[in-house]
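Participant: Take this structure, written in structure tokens, and hold onto it; I'll ask about it next.
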Amino acid sequence: MTIHRAAALIATILGLLLFQPLGVSEALAQNAQSSEAKPPIIPARYFAARPIITNATLSPDGRKIAFLKDDSGVAQFIIADPVSGATLATQFMPEGFDVIGYSWIDSARILVAGIGIVRKDRYRYRVRKLFVAMPEANYVRALIDDPFLSSSAQVVRMDEEGDWALVAHKHRQNAKFPSVYRYDLRAGGSGVMVQPMIEGVTYWSADEAGVVRLGQGFRKGRVHVWYRSDDRLAFDKQSVAKPGREEGFLTGVQLRAGSDTGYAITEGASGRVGLQKYDFANLVSLQTVYENPGWDVDGVWYDEGEPKAAFFTDDASQIVWFDKGDLALHNELKSALGGEASHLVYRSVSDDDQRRLIVAGNASDPGILYFFDRASLTMKELAELRPALDFTQLSMPQPIRYTARDGSLIQGYLTLPRGREPRNLPLIVMPHGGPFGVRDALRYHDWVQLLANRGYAVLQPNFRGSGGYGDAFYDLGRGQVGRGMQDDLDDAMDWAVAQGLADPARVCLVGGSYGGYAAIWGVLRNPERYRCAASWAGVTDWDRMLRFDRKYLTRDAKRRWQAKIEGEGADLAQVSPMRLAQRLSKPVLLAHGTRDNNVPFSQFEQMAKAAEDAPVTPTQLIVHGAGHSFTTERHHLQWLDALDLFLAEHNPADQVDETGAFRKPEDPELDAMFTPLFAEERSAKP
């Protein structure tokens, strides 16, 4: 396959595409959707591929770009010049740690958050660690030496000059709550405690001078806030008026040195979460800076302590600019990069906002990463994120609404296969993970696009408990794991059938994490509905899963999480697939990674063992070395190939030829390389 964009480039330098200038006012050619003929079957390899560049970020001076690259399962930083494309440095991270986030300290150093497993005696512990890396000097060190102390580390504030960072973590392994330490970020620097733990405080905030002034926690059914005006005063504890909501924390907090007023994202008088100018001493809003009437504010972009833009998600992520000049520039960029068909994500900006990294794409287009120089009003294409994937052959998801059996309005997304009449199609219901506070949106999704390319309609319901739809909808999900949440999935299927879109005899469930659980549970709870199910990293026993989670949560957090899952006295055994595995009567693809730090591999093992004598035993896929999500192409491909073949056997669509055999996608460039890894990785039952 080839690169399909008008502005695409030919040569590559160490994974970075060479750059081509693009004037801001020059609109890129828009690729029209293909005709109604069926698109070719695209090999799973293209959907499994990692983007050329991930987690791209500009240095504070805007003269360097850092991004992540995987090298045989080990995270590697690449530092490059965004103008010339020259690679300046590479840096491997310590083995066994996955990078979960990073930020520049200054234009030479990077603060990296990683997650991994450490062993002590007979026990394994999931920990988060912070590292200081200097890629151009090939230097990396753990900021906190004892891994157990960094298991819940929170970067509270980082000095704008890069001299120090405030980090909240427990000062001993059995401490209940985090203290705050000030760490010297220079080589050889040490740390000192600047704020001892306060009983109940789980989250800290500080002003730009590095003074810890705000703590938050949830105890006895209320959010509590501890505040002081400066470090000479004791903390004053108050409770937030609204009881019972641990989601009522002040987020996006911006404290200003020498002042009790600042900014926070919190609930306003209307009940909608928005950006407020806030009086922290009295815990009251002084002014609503921005509030959307239909959607909660997700985040805010501050520039020198003042809000520059706010973010919310309707069906897709949206940005609201507070300056007319910024809005005009955004609209011009959007026009140049594809108009309304293109969605812009601002990945990073330099400290002076003269240089930006922007991704332009949409739900059927993985997108292109651009480098924008505001001074010269020029744009340069850094990389097409998935250059081998022909986005013109992909399907655009559409928002849908349906009414659940209890009258609740459920929203979601429907992706129809190209070149096929939208009648009586094989249907995949794909619940998201989480389940609480998470949601699907109009974003590019590899699994959705692969399945639509194969001829399936794909339905992604944002079932009760999903985030972004307000408190009442969130609360509908409490205690409804495997119950009301599952009803919403069944009702999604009924909606698609009633619309004439789906064949009721050809419906399968596919999902990952909580979605993987919901897939298995669906065929156990309602085998008359679903033809099959495929689960990646799904929970199979809720009691054991909660015991695993308790190792990493405070006592109150344990109680809250359990209450969300259990509800009022519910028996989790009644909604745990492992406990009912012997009655499994429909085909299930049970897949899991051996390095999963979120849902342990034992959840897979116990389900496989419990189903040994079931009428239908699960097809098993063990992906050795894979975590909860996919960080390597090979691991992702093993899952997608397995899913492709499993569905071809149990709910066939266009990947099956006229003889009923699996039709291997034709790809002359990669035909010799293509191997169905499913056969290799199919494991004997544990």
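Residue numbers for the sequence shown follow numbering that gives the first Met the number 0, so the first one is 0 and each next one is one higher. Heads up, the beta-carbon is just placed ideally off N, CA and C, and yes, glycines get one too.
Going by the C-beta, is E380 closer than 6 Å to any heavy atom of the ligand ZN?
Facilitator: Ligands in the displayed structure: none, and consequently the ligand ZN is not present.
Participant: State the Cα-Cα distance for the pair N30 and F390, rounded to the nearest angstrom.
Facilitator: Confidence at N30 is low in this model, with a pLDDT of 29, below 50, so the placement of that residue is unreliable and no value is reported for it.
Participant: For Q573, is the classification buried or exposed, using 16 other Cβ atoms within 10 angstroms of its Cβ as the cut-off for buried?
Facilitator: Exposed is the call here.
Participant: Counting pairs of beta carbons, one from the stretch 633-642 and one from the stretch 587-597, are three or more of them closer than 8 Å?
Facilitator: At 8 Å Cβ cutoff, the stretches touch.
Participant: Rounded to a whole number of angstroms, what is the C-alpha to C-alpha distance between R404 and W494?
Facilitator: The straight-line gap from Cα to Cα measures roughly 11 Å.
Participant: Go ahead and label I409 buried or exposed: buried means 16 or more other beta carbons lie within 10 angstroms of its beta carbon, across all protein chains shown.
Facilitator: When all chains shown are included, I409 counts as buried.
Participant: Does DSSP put G592 in a helix, a strand or coil?
Facilitator: Strand, per DSSP.
Participant: I'd like the ranges of any beta strand (DSSP E) spanning at least 3 consecutive residues and lying wholly in the stretch 142-210.
Facilitator: Listed in chain order, they are 153-157, 163-168, 178-183, 190-194, 202-205.
Participant: Quick one: grab the DSSP three-state call for S512.
Facilitator: It is coil, neither helix nor strand.
Participant: Considering only the beta carbon of each residue, do A609 and M577 sit closer than 7 Å?
Facilitator: Yes, they are a contact pair.
Participant: Measuring only the C-alpha atoms, how far is W692 from P614?
Facilitator: Because the chain in this structure spans residues 0 to 685, residue 692 falls outside the shown range and cannot be described.
Participant: Can you give the Cα-Cα distance for R400 and V117, rounded to whole angstroms?
Facilitator: Distance between the alpha carbons of R400 and V117 is about 45 Å.
Participant: Please determine, among A308, A536, W300, Q498, the residue with the shortest C-alpha to C-alpha distance to L424.
Facilitator: Ranking the options by Cα distance to L424, first place goes to Q498.
Participant: Quick test of your reading: L67 and T86, contact by CB under 8 Å. State the CB separation rounded to the nearest angstrom.
Facilitator: Not quite, the Cβ-Cβ distance comes to about 14 Å (not below 8 Å), so this is no contact.
Participant: Considering only residues of the same chain and omitting the five flanking positions on each side of A36, which have a CB-CB separation below 7 Å?
Facilitator: Cβ within range, chain order: G418.
Participant: Using C-beta distances below 7 Å, list every residue in its chain close to F248, excluding the 5 sequence neighbours before and after it, in chain order.
Facilitator: Answer for F248: Y202, Q215, V222, listed in chain order.
Participant: In chain order, what residues of the same chain have a beta carbon less than 6 Å from the beta carbon of I413, not counting five sequence neighbours either side?
Facilitator: Before going further, note that residue 413 is Leu rather than Ile in the sequence given. Here the set comprises Q397, I399, L458.
Participant: List the endpoints of the continuous alpha helix (DSSP H) containing R355.
Facilitator: No alpha helix (DSSP H) contains R355, which is instead part of the beta strand (DSSP E) from 354-361.
Participant: Looking at the unbroken alpha helix (DSSP H) that takes in F689, where does it start and where does it end?
Facilitator: Residue 689 is absent from the model: the chain starts at 0 and stops at 685.
Participant: Here's the rule: buried if 16 or more other CB atoms are within 10 angstroms of the residue's CB, otherwise exposed. What is S189?
Facilitator: Label assigned to S189: exposed.
Participant: Please report how far the alpha carbon of P685 lies from the alpha carbon of I621, in whole angstroms.
Facilitator: Note that P685 scores a pLDDT of 28, beneath 50, so its modelled location is shaky; the value from the coordinates is reported in the next line. If you take the alpha carbons of P685 and I621, they lie about 10 Å apart.
Participant: With 16 as the cutoff for other CB atoms within 10 Å, does Q90 come out buried or exposed?
Facilitator: Answer is buried; the Cβ neighbour count reaches 16.
Participant: Just the Cα atoms here: how many angstroms apart are A518 and D183?
Facilitator: In a straight line, the C-alpha of A518 is about 48 Å away from that of D183.
Participant: If you draw a straight line from the C-alpha of V193 to the C-alpha of L274, how long is it?
Facilitator: Rounded to the nearest angstrom, the two C-alpha atoms are 29 Å apart.
Participant: Can you tell me whether I99 is buried or exposed? The criterion is at least 16 other CB atoms within 10 Å of its CB, across all chains shown.
Facilitator: Exposed: under 16 other Cβ atoms inside 10 Å.
Participant: Please determine, among Y529, D490, V598, the residue with the shortest C-alpha to C-alpha distance to S512.
Facilitator: Ranking the options by Cα distance to S512, first place goes to V598.
Participant: Are the Cβ atoms of I564 and V496 separated by less than 7 Å?
Facilitator: Result no, Cβ atoms of I564 and V496 do not sit closer than 7 Å.
Participant: According to DSSP, is E305 part of a helix, a strand, or is it coil?
Facilitator: Here E305 sits in strand by DSSP.
Participant: What residues in its chain sit with their C-beta under 6 Å from that of P195, if we drop five residues either side in the sequence?
Facilitator: These residues qualify, in order along the chain: S178.
Participant: Report the rounded CA-to-CA distance for A335 versus Q654, giving the unit in angstroms.
Facilitator: Spanning the two alpha carbons is a distance of roughly 37 Å.
Participant: Measure the CB-CB distance between T287 and I264 and report whether it falls below 7 Å.
Facilitator: Cβ atoms of T287 and I264: not closer than 7 Å.
Participant: Would you say G521 and A532 are within 7 Å of each other, going by their C-beta atoms?
Facilitator: Their beta carbons are under 7 Å apart, which means G521 touches A532 by this criterion.
Participant: Just the C-alpha distance for D570 and W541, rounded to the nearest angstrom, thanks.
Facilitator: Rounded to the nearest angstrom, the two C-alpha atoms are 10 Å apart.
Participant: Going by DSSP in three states, E665 sits in which element: helix, strand or coil?
Facilitator: Reduced to three states, the DSSP call for E665 is coil.
Participant: Which residues in the same chain have their Cβ closer than 8 Å to the Cβ of L475, if we skip the five residues on either side of it in sequence?
Facilitator: Only S407, R463, G464, G483 meet the Cβ criterion.
Participant: Hey, out of V538, N650, L129, Y369, whose CA is closest to E604's CA?
Facilitator: When only C-alpha atoms are compared, the closest one is V538.
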